[in-house]
Amino acid sequence: MTTNLFESFNGVLKSARNLPITALVELTYYRCVAYFADRYTKARADITAGERITAYAKNKFNKWEKKAPKHSVTVFSHEDGLFEVRTPINPNSAYRGNHRHEVNLRESTCSCQKWQVYKIPCSHVIAVCKYQGISAMRYIDRCYCLEEQVACYAPRFHMVPDSVHWNEPDFPVLYPNVRCAVQKVDQDQLSF
Ligand SMILES: [Zn+2]
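Using our numbering, you'd call the opening residue of the sequence shown number 16 and step up by one each time.
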């Protein structure tokens, strides 16, 4: 929920290019081990510091919480958890403000779609929660809980034993033809 997975892996494996296959696999493996260890340590440190949710979710929530007091709330159905939220006119905003949004607490939806997409209550939902006297934090999805992040990055990689301790393979092992490799090097040198 907090990172673009492809970009993250590109970042992790940036230098794993143009290498022999064993080195490539080894580098990928060790980069992943380091990545997981780093994320795990950071999440544990945040929990120790008294945090409960990720910084990403907290920042988004705080940003939207600041907008909430300017909204006005109308109850449409207490029973079904339906509310209309109006935003004030805002000439500085790209959307100019003055909009109506439909919040459905029971279905966990807001017509602005942010709640459904981010799984963090938008300013309209926060306004409804304040109006109702309930904590909007409870609607932040569990995927942003630091405990979940710790569980995601909990160490589970195994160390690769030194090759001298490996079992004898029960399949034919193919080795490169050393003489061909030497000839190739000679040719490359000649071509310069
Ligand atoms: Zn909304």
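All residues carry an ideal CB built from backbone N, CA and C; glycine is no exception.
query                                                                                                                                                   : result
How would you write the range of the alpha helix (DSSP H) that Val140 sits in, first residue to last?                                                   : Ser138 to Gln147
What does a CB cutoff of less than 6 Å around Pro103 pick up in its chain, not counting 5 residues either side in sequence?                             : Lys85 and Gly112
Tell me the DSSP secondary structure of Gly26 in three-state form.                                                                                      : helix
Who does Cys125 pair with in a DSSP beta bridge?                                                                                                        : Val118
Cβ of Val175 within 9 Å of Cβ of His139?                                                                                                                : no
Would Pro191 be called buried (16 or more neighbouring beta carbons within 10 Å of its own) or exposed?                                                 : exposed
Pull up the CB-CB distance for Ile135 and Phe76, whole angstroms please, since I reckon it's below 8 Å.                                                 : 6 Å
Check whether the Cβ of Cys144 lies closer than 8 Å to any heavy atom of ligand 1, and answer yes or no.                                                : no
When you compare the segment 61-75 with the segment 151-167, are there three or more beta-carbon pairs, one atom per stretch, that lie closer than 8 Å? : yes
Does the beta-carbon of His173 have 16 or more other beta-carbons within 10 angstroms, so that it is buried, or is it exposed?                          : exposed
For ligand 1, any of its heavy atoms closer than 8 Å to the Cβ of Lys75?                                                                                : no
Given that a residue counts as buried once 16 or more other Cβ atoms are within 10 Å of its Cβ, and exposed if not, what is Leu189?                     : exposed
On a Cα-Cα basis, can you pick out the residue from Glu22, Leu39 and Lys145 that is closest to Phe98?                                                   : Lys145
For ligand 1, is there any heavy atom lying closer than 8 Å to the beta carbon of Trp130?                                                               : yes
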